[in-house]
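What follows is the structure in structure tokens.
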């Protein structure tokens, strides 16, 4: 076993190569929800495979019915243990006007790396890969697999196809989560699930003149607003669909105590995410709402005239893009069924186009892998993690639980201020270098089991 | 006085020149609500002036604080009477994807003329101008003025400036209204007014991740939907703002009888405007709703992700573009005041950006000019007009009433199937040729008073 100062020195030497790799990775706009980006997805897979091979891995680009999965492996002599690191190489769109830099050209400002995918999830992926090379150079006897997916942002529809042929491993580390505060490492024990849908109402063929028809004409925007208002109390966030909360498993008092020990700060949360105000001020209520309760959210709404001024048309259609975030023990199917029944009863003309459904997840809370994770985070960042929940959804986790039947834990490296899914998304060298140390420590710990 | 067959023959000879002029007029995209079309507005004014001069008029392009007004006049020897014809030469935007032809290239299909502005209001404007040339050639002793505005679609903010220097006339004919049915001429006795506004709610700086923040974060789309639902019953169209209906003057039984005698057909109305269904089936209720009652309408709504699929962001803002159509004796100021009070009480963070406000209008119901109009329509189209109301708003009418202090009547030439403000807007030779005869007859009638 090599010493901590030696590891620190080895990590410091990676910085230039890490920044070069992240620049190349971010330059490929692997936006999985945009069909026109298919060739970029393929380029992303090819670049990933080439990168991992250069680090010394054996790599397959595994085809699926959808986007491929890049499977890299560092096989070590004498390894008795194995671990898979899950990351994704696809990214969110970057069409927000608020971007101050070109989103697919990594901007390096001191320790800070700005670009789409920098923290979600290319930066953490590359961090783990550099750590694996160090582990190999140090001769740590553990087999390390990389599962780099390219459909995470669209709900991982083809990842199960890959997993059906994937190697069995002793544990999985998912590196795609966010700390609660830069001051304390945090790891979730649970993830929310999700069911998204588009609600579309068409009441006419084309724009109509509101002077000629207004009063007798149906207004699809107003009807859709009425539906949204009937489903959701916008002030409290409470969902008004009957039965919506029936299967919600309330968090234990210990869990709630963990939520509050995570460094969660209501004002910092508000400020980091750029909100002018929140629905609640009490941290216990906020953490319960974002981690342990389901939601119904409107992500986008469209209909009618979108140009300057007011064009007094009555539009022929309106659309709302919505999601329900789900917690244990809710299921996407049941939530969708209740949504559908409610919508059809309220306005039978509204069409529902369901999209990705994802189960929620609860992780193990003890055992040797959890112990290794605690030591890894302590080595990388000076403190053991607070165990919280993740309000987001990672479909791949649910599928890995089904196929791999081993502990799936979370070694996330993103900070709230990195701006997941937001304009000016960033990552930083502090988290990358600490992450390399944490991963290396995890490999050492499980090799010693 | 010349005979009707001579007039018919003279009109038939105008067709080619009329189609050439309409082609040229439609080719200039005089979209007044688009600031980038300013040079097209100027080109539209120049073309109009040149066209009227070619017909024999004396023309001034009268500058205002906004867009110019084209003032043409045919002074006749021995004229004791004068009339002004009001039309507008600006048009609605033509950004609807449903256009089957290029909106600013007039497509002539037999008798039908397809293009933006064909019926609203360039076709009727040119019709009246050709009729004036015929009146002049026939020596009808009446002075005919043309007021061609270029800001009608944005509420005529500068027309009052023009009118303060405009000539006094004995009557005005506004040619910018729509019949109820192609089978019977119709002329409105009243117009609805209007107050438009944009409602904007901002709750954050940028898109936030709904997994990380959903539940505690405010959702501006959901809050705006809640506001819309609180203001308007989407099923009935009833406005729920307290006091909204207080100043509404109910139509007399005679007026309601006129509404039903106009040829109004609920199924034809639904079909012509392309609606899948209406809020009401009873023609009396429909005509009351579209002509004699005020409305609150949502013309456009925006916020959040607009691309393919569902991007699970919580957006930072949402906007609704709304209008209130007003009837006698409501005023825009009072309606806006009630709207503002309601919005601020319901959600104080919503900002209100009021736009154009227009008064409603009621015309005289008798007298020699109304008699002349009846004869004119009968000559042009075989039947006297049914007197109805117009659900739309013409700001210029209210201003002319204020400045000119003479009867303002409506000689409209548009049909429901022409698609005012809609994609594939059209006009036709039947209405143009009948219109030329109607205008010529009106000139003869008032010359003989």
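Chains as they are written, first to last, in the working numbering: chain A, 1 to 449; chain B, 1001 to 1449. Beta carbons: idealized from backbone N, C-alpha and C, even for Gly. Keep in mind it's a predicted model, so treat the numbers as computed, not measured.
Exercise. Would residue 422 of chain A count as contacting chain B if we go by Cβ distances under 8 Å?
Worked result: yes
Problem set entry | Of the residues A:80, A:174, A:418, the one placed nearest residue 141 of chain A, counting alpha carbons only | A:80
For this session: May I ask you to verify whether the region 1170-1188 of chain B touches the region 1406-1414 of chain B, counting CB pairs closer than 8 Å and requiring at least 3?
Result: yes
Exercise. By how many angstroms is the C-alpha of residue 1072 of chain B removed from the C-alpha of residue 423 of chain A?
Worked result: 55 Å
Exercise. Leaving out five residues before and five after residue 67 of chain A in sequence, what residues of the same chain have Cβ atoms less than 6 Å from its Cβ?
Worked result: 41, 150, 151
Problem set entry | Nearest-angstrom Cα separation, counted from residue 1094 of chain B out to residue 1045 of chain B | 20 Å
Exercise. What residue does the beta strand (DSSP E) around residue 355 of chain A start on, and which one ends it?
Worked result: 351-358
Problem set entry | Stretch-stretch touch, CB-based, cutoff 8 Å, three pairs: the region 52-59 of chain A with the region 122-135 of chain A | yes
Exercise. If residue 1446 of chain B and residue 1378 of chain B are in contact, beta carbons under 8 Å, what's the gap, nearest whole angstrom?
Worked result: About 15 Å; that fails the 8 Å criterion.
Exercise. Hey, how far is the Cα of residue 297 of chain A from the Cα of residue 1314 of chain B?
Worked result: 8 Å
For this session: Specify the secondary structure class of residue 105 of chain A as computed by DSSP and reduced to three states.
Result: coil
Problem set entry | For residue 1413 of chain B and residue 1431 of chain B, believed in contact at Cβ under 8 Å, the rounded distance | 5 Å
Exercise. Given a limit of 9 Å on CB to CB distance, which residues of the region 1193-1213 of chain B reach chain A?
Worked result: 1194, 1196, 1197, 1198, 1202, 1203, 1204, 1205, 1206, 1207, 1208, 1209, 1210, 1211, 1212, 1213
Problem set entry | Cβ-Cβ distance between residue 1290 of chain B and residue 1391 of chain B below 8 Å | yes
For this session: Taking a Cβ distance cut-off of 7 Å, strictly less, list which residues of the region 335-366 of chain A are near chain B, in chain order.
Result: 355
Exercise. Is residue 1441 of chain B helix, strand or coil by DSSP?
Worked result: helix
Exercise. DSSP state of residue 338 of chain A, grouped into three classes?
Worked result: helix
Exercise. Can you give the Cα-Cα distance for residue 255 of chain A and residue 387 of chain A, rounded to whole angstroms?
Worked result: 8 Å
Exercise. Would DSSP call residue 298 of chain A helix, strand or coil?
Worked result: strand
Problem set entry | Helix, strand or coil at residue 62 of chain A [DSSP, three-state] | strand
Exercise. Mind checking residue 8 of chain A: buried by the 16 CB within 10 Å criterion, or exposed?
Worked result: exposed
Exercise. Whose CA, out of A:213, A:236, A:318, lies closest to the CA of residue 1272 of chain B?
Worked result: A:213
Exercise. How about residue 1316 of chain B and residue 1204 of chain B: do their beta carbons lie closer than 8 Å?
Worked result: yes
For this session: May I ask you to list the residues that DSSP assigns as paired with residue 1195 of chain B?
Result: B:1324, B:1357
Problem set entry | Under 9 Å by beta carbon: chain B residues contacting residue 91 of chain A | What residue 91 of chain A touches in chain B: nothing, since even the nearest Cβ is about 11 Å away.
Exercise. Quick one: what's residue 1184 of chain B bridged to in DSSP?
Worked result: B:1181
Exercise. Is there at least one Cβ from chain B nearer than 8 Å to residue 308 of chain A's Cβ?
Worked result: yes
Problem set entry | Neighbourhood of residue 278 of chain A by C-beta, 8 Å cutoff - its chain only, sequence neighbours within 5 removed | 266, 269, 270, 286
Problem set entry | Beta-carbon proximity of residue 343 of chain A to residue 294 of chain A, cut-off 8 Å | no
Problem set entry | Whether residue 1338 of chain B touches residue 210 of chain A by CB criterion (8 Å) | no
Problem set entry | Helix, strand or coil at residue 1232 of chain B [DSSP, three-state] | strand
Exercise. If you scan the region 392-440 of chain A from start to end, which runs of the beta strand (DSSP E) of 3 or more residues do you find wholly inside it?
Worked result: 408-410, 426-428
Exercise. Considering only residues of the same chain and omitting the five flanking positions on each side of residue 146 of chain A, which have a CB-CB separation below 6 Å?
Worked result: 72, 85
For this session: Report the residues of the region 30-42 of chain A with a CB closer than 8 Å to any CB of chain B, ordered along the chain.
Result: 33, 34, 35
For this session: Give a yes or no on whether the C-beta atoms belonging to residue 98 of chain A and residue 429 of chain A are separated by under 8 Å.
Result: no
Problem set entry | Enclosing beta strand (DSSP E) for residue 1116 of chain B [first to last residue] | Counting along the chain, residue 1116 of chain B falls outside any beta strand (DSSP E), and DSSP gives it neither H nor E.
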